[in-house]
Structures are given as C-alpha cells and as structure tokens.
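Peer 1:
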Amino acid sequence: MAIEDRQKTLAELHHVPPKMDENAERALLGSLILDSTQIGEISTELSRHDFAIPKHAEIYAAIVRRYDKSGSLDVMMLIAELDDAKSLADVGGAEYLADLVASCPVAGNAKFYAERVKDTARCRQIVCVGSRIVQIGQDDSDPQSALDTAQEAFYGLTKQIGDEGPKSLHDLLGDSMEWLIGGGEPAISTGFPSLDDILGGGFHDGQMIVLAARPGMGKSALALTIGRNIAAAGNGVILFSLEMSKKELGARLISIESNVSFSKLRRCFGSKDEINRAGAGVGRLDGYPFYIDDQGGLSIFQVRSKLRHAMIKHKPKIAIVDYMQLMSGSSNKGGSNRQEEVAEISRGMKSLARECGIPILCLSQLSRKVEDRGVKRPQLADLRESGSIEQDADVVAMLYREDYYNRDEPDYCPTEKTELIIAKQRNGPAGTVDLRFNGSAMRFEEMQ
Numbered sequence: 027m028a029i030e031d032r033q034k035t036l037a038e039l040h041h042v043p044p045k046m047d048e049n050a051e052r053a054l055l056g057s058l059i060l061d062s063t064q065i066g067e068i069s070t071e072l073s074r075h076d077f078a079i080p081k082h083a084e085i086y087a088a089i090v091r092r093y094d095k096s097g098s099l100d101v102m103m104l105i106a107e108l109d110d111a112k113s114l115a116d117v118g119g120a121e122y123l124a125d126l127v128a129s130c131p132v133a134g135n136a137k138f139y140a141e142r143v144k145d146t147a148r149c150r151q152i153v154c155v156g157s158r159i160v161q162i163g164q165d166d167s168d169p170q171s172a173l174d175t176a177q178e179a180f181y182g183l184t185k186q187i188g189d190e191g192p193k194s195l196h197d198l199l200g201d202s203m204e205w206l207i208g209g210g211e212p213a214i215s216t217g218f219p220s221l222d223d224i225l226g227g228g229f230h231d232g233q234m235i236v237l238a239a240r241p242g243m244g245k246s247a248l249a250l251t252i253g254r255n256i257a258a259a260g261n262g263v264i265l266f267s268l269e270m271s272k273k274e275l276g277a278r279l280i281s282i283e284s285n286v287s288f289s290k291l292r293r294c295f296g297s298k299d300e301i302n303r304a305g306a307g308v309g310r311l312d313g314y315p316f317y318i319d320d321q322g323g324l325s326i327f328q329v330r331s332k333l334r335h336a337m338i339k340h341k342p343k344i345a346i347v348d349y350m351q352l353m354s355g356s357s358n359k360g361g362s363n364r365q366e367e368v369a370e371i372s373r374g375m376k377s378l379a380r381e382c383g384i385p386i387l388c389l390s391q392l393s394r395k396v397e398d399r400g401v402k403r404p405q406l407a408d409l410r411e412s413g414s415i416e417q418d419a420d421v422v423a424m425l426y427r428e429d430y431y432n433r434d435e436p437d438y439c440p441t442e443k444t445e446l447i448i449a450k451q452r453n454g455p456a457g458t459v460d461l462r463f464n465g466s467a468m469r470f471e472e473m474q
C-alpha cells in the first residue's frame, strides 16, 4: 500500500460516520410506550448510551425513570416526565411521541428491537476503539507502552461486550451452589488425581498458581508434565519459557510423552523399542494444542500482550510462565528496586489471570536460605524477593525431594518420592501430595 493510501486510510478512520439504526430505535421506543411490561427486562440490558440519536436517548431515559417511579407507563405519563425534566420540546414534543407510537410495527417485539440497538451501539464502540488506537500510535513515543495500551483498549471492549453486569444474590445463589458441589464450571484436571483432589478438581479459571522450588527440584519438569496432561485432554496450553528454548522443551516433551530417557534420546543411545516409543510419542504430541513462546527477557507488558493475542488466536485454557524471576517490570520504572519489581510482576500475573479468565501457573525460585537450614523442606517465607507473591497467589505449591539432598550419602536408598507441598490455597486446605519423580524421562507420575 502506498504511503498516500495509508495516510488516507488513517484520515478516513478519524471521520467514520457513527453506525445507527434509526428505525430500530424508533420501533423500540414505540413498543415500550405501548407495552410497559417489557421495560423492566429491557432496561437491564440497554442504557441511554446505546442510542445513537440524542433525542431517542433522552426519551428512553425518561421511560426508565417513570417506570421506576410508578411501575407502569403510557404516553401521557411520559409527556409529563419529559415536561418535568424540561426536555419535552428538545425531543420533538408530544407530536413526536405520538408518531413513535403510531409507527411502531409490533409492540411485542421490543426485545428484538433492543438487540438491534445494542448491536449497532457495539459497532460504534469498535469504531471508537479503532480511532483511539490510531491516536495512541500517533501520540505515544514508546512502542511497547503504546501496544499494551492499544491491546488493553481492544481486549477491554471484548470483555465489556460479554459482561453481564451486576447480579442479584437471588440470581447468584444457584450458580454458587453448583460451584460448591462441583457442578458448575469444571476445573482443569492436572492429570494427577491426588493433586486434583486437594485442589477441588484441579486448576480453576482466574487462579494464579505458584509452583516454587529450589533449582534441581524439578519445577520445570512438573510444569511440563502438567501442561502435557492438560493438552492431552484436548485443552489448549500456552507456555512462556524465559529459560529454555523451544527445541529443548520439545525434546523434553517427547521424553515425557514416550517415557524414554532424555539422555538416551539426546545421545541416540535408545533401544529399538525406545526409539519406536519416542516416534509414537511424537505422533501423539503433534495433535496436542500446546503452544510455546521462548522469547527471553519478557516484561510483564510483553507477557500480557502475548497472552491477550493468544486468547484470541489459540484460546488456551491455561498459561504457564517459567519462571517469574526472569521477567522484568514496567520499562518506565527503572529506579525501583527488585522487590518492588517482582511485586508488580506478581500483581500483573494475578490481574491477567482474572482478565483472561484462565488459570496461570507461574514458576518461581525459592530463596537460598532454604539451603542453610537443617531441615530443607520449603516454607512460604522462602518465596524469593517478594512477599507479594504469597499474597497474590490463589495457590502456592512447593517441591521437596529428599533424594536430591541425600544423593551423595553412601547408605541412602533413593525413593523417587517428591513432596508437592500445598502451602497456601485460598479456597481449600493446605496439605501435601506425594508424586514420583522419574528423573531419566524428566516427568512426574502418581506415587503408587
């Protein structure tokens, strides 16, 4: 596209005429005047701001006000309401109201007319967001900040369109009872029945789950195993890896899926049976909805931007971030200390989980002070660099492998047992789940 054409397109975007459906607005107002029993339901779905024509917005507002006062409405009551507000002449007088009533096609079709009005209002909102994005691109000198602001505006619009607004307790109680007994929105199974049991079925939408451990405990291996289990069940997974490359992660997933030693695969030392199992594993993995982004040094802005894009393109059911301490905070907060930066990242991840409506599994390092204790089983206080991680997280799980700390003891007999300590759970109990760590294939399994 030529420069002149692009400039013309941008200029035209600033002058897009607002989309409207005057006939639908007139039909809706006329039907509400004729049949006031529809006003209560319509008023919960439609506001005066959904009308493109100002006088129609004023008439609708008067209809709702009068109905709220008296529980009924007719044309004479509406005239009085508008006259009291000193806006009767502005909307065209009693003659215009009479014309609305006379030209109404079918009074009982108010819901259909309201949907038409709402649809055109949403189209106008899209145009407004588009114009705002153009302005952001022209005014903001920081491209990353501009991109984040633009995506926030667009994603906010999609959430607003799907937002049902406030609900009464009467309407909520049924949903709450279903949620309590597990009959509401199902949790996403981790693939480990014992872990699902303590988590109330698995990971839940909007949760920030922190998986923390010292290096060498297997937190990446557990995250990959859980991601593989979720994807194998047909649920989309997106992994942001700030530490390992896509190729390395792909190779690990092959080892996990086929249960073949990673080192054997890497050195091509596997037996014929193992090579065949690895090939079969590749075939299965190829069909899993598992997406990997291995860009290093991501900021919270970039993760937010990438996940919003993925939600539209891939619709994942869970996101995994490996790991939080490798992320950076806002680019404009260079003077802040690392603790404040990690706190900002933690708040951002929790906010992002709620915004996207999916669980986010965040891997985190634990402080070195674990190594200085006689008993090296981790505690919440060991979360590295910020207490806000504990505060923001819905679930904090920590890995502890006694085999790791006793591997050099001559008389020690390895158990392959790993303790997954649920140190915090906002809506459930704390506790410990025993898993088996299969070190050769770098995967976790249920403890038999």
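Residue 244 in the working numbering is what sits at position 218 of the sequence shown, and the numbering runs on without skipping anything.
Beta carbons are placed, not taken as given, at the ideal position from N, Cα and C, and that holds for glycine.
Fair warning: this is a prediction, and the values are worked out from it, not measured in the lab.
#1: Residues in the same chain with beta-carbon distance under 8 Å from G66, minus the five sequence neighbours each way, listed in chain order, please.
#2: Starting from T251, follow the alpha helix (DSSP H) in both directions and report where the run begins and ends.
#3: Between the alpha carbons of P455 and P212, how many angstroms are there, rounded?
#4: For A258 and L126, I'd like the C-alpha separation in whole angstroms.
#5: Going by DSSP in three states, G400 sits in which element: helix, strand or coil?
#6: To the nearest whole angstrom, what separates the beta carbons of A379 and G260, a pair I think is in contact under 8 Å?
#7: Can you name the residues that DSSP bridges to T458?
#8: Within its chain, find whatever has a CB closer than 8 Å to the CB of K341; leave out the 5 residues flanking it on each side and keep chain order.
#9: From which residue to which residue does the beta strand (DSSP E) around M234 run?
#10: In terms of residues, what are the limits of the alpha helix (DSSP H) holding E51?
#11: In whole angstroms, what is the alpha-carbon distance linking H196 and L72?
#12: In whole angstroms, what is the alpha-carbon distance linking R433 and R373?
#13: Kindly list the residues whose CB is nearer than 6 Å to the CB of I318, restricted to its own chain and excluding five residues on each side of it in sequence; keep chain order.
#14: Suppose contacts are defined by Cβ-Cβ distances below 8 Å. Is M243 in contact with Y430 by that definition?
#15: Is C439 helix, strand or coil by DSSP?
#16: Tell me the residue span of the beta strand (DSSP E) that contains Y86.
#17: Do you know how far the Cα of P169 is from the Cα of G163?
#18: In chain order, what residues of the same chain lie with their CB nearer than 6 Å to the CB of D408, ignoring the 5 residues before and after it?
#19: Considering only residues of the same chain and omitting the five flanking positions on each side of S98, which have a CB-CB separation below 6 Å?
#20: Note down the Cα distance separating E269 from S215, rounded to an integer number of angstroms.
#21: Would you kindly report the start and end of the unbroken beta strand (DSSP E) that includes Y314?
#22: Helix, strand or coil for K359 per DSSP?
#23: Check the C-beta distance from F218 over to L461 and give it rounded, since I have them as a contact under 8 Å.
Peer 2: This is what the structure gives:
#1: In the same chain as G66, and ignoring 5 residues on each side of it, the C-beta atoms closer than 8 Å to its own belong to Y93, in chain order.
#2: Segment 245-258, the alpha helix (DSSP H) holding T251.
#3: Distance between the alpha carbons of P455 and P212: 19 Å.
#4: Answer to the nearest angstrom: the Cα atoms are 58 Å apart.
#5: If DSSP states are grouped into helix, strand and coil, G400 belongs with coil.
#6: Actually they are not in contact, since the Cβ atoms of A379 and G260 sit about 21 Å apart, beyond 8 Å.
#7: Beta-bridge pairing by DSSP links T458 to I447.
#8: Taken in chain order, the residues that qualify are G262.
#9: Element bounds for M234: 234-239.
#10: Here the alpha helix (DSSP H) through E51 covers 48-60.
#11: Whole-angstrom Cα-Cα distance: 21 Å.
#12: Near 38 Å, if we compare the C-alpha coordinates of R373 and R433.
#13: By the criterion of a C-beta distance shorter than 6 Å, I318 is surrounded in its chain by L265, K272, L275, once the five residues flanking it on both sides are discounted.
#14: Contact flag set, yes.
#15: In the structure shown, C439 adopts coil according to DSSP, grouped into three states.
#16: No beta strand (DSSP E) contains Y86, which is instead part of the alpha helix (DSSP H) from 80-96.
#17: Going by the C-alpha atoms only, they are around 8 Å apart.
#18: Counting only Cβ-Cβ distances below 6 Å, and skipping sequence neighbours, we find L392, S393, V396.
#19: Excluding the 5 residues flanking it on each side, S98 has same chain C-beta neighbours closer than 6 Å at S62, in chain order.
#20: If I take the Cα positions, the gap works out to 26 Å.
#21: No beta strand (DSSP E) holds Y314; DSSP gives it neither H nor E.
#22: Confidence in K359 is poor, its pLDDT being 49 and thus under 50, which makes the residue's placement too unreliable to answer from.
#23: Between F218 and L461, the beta carbon gap of about 7 Å places them in contact (Cβ cut-off 8 Å).
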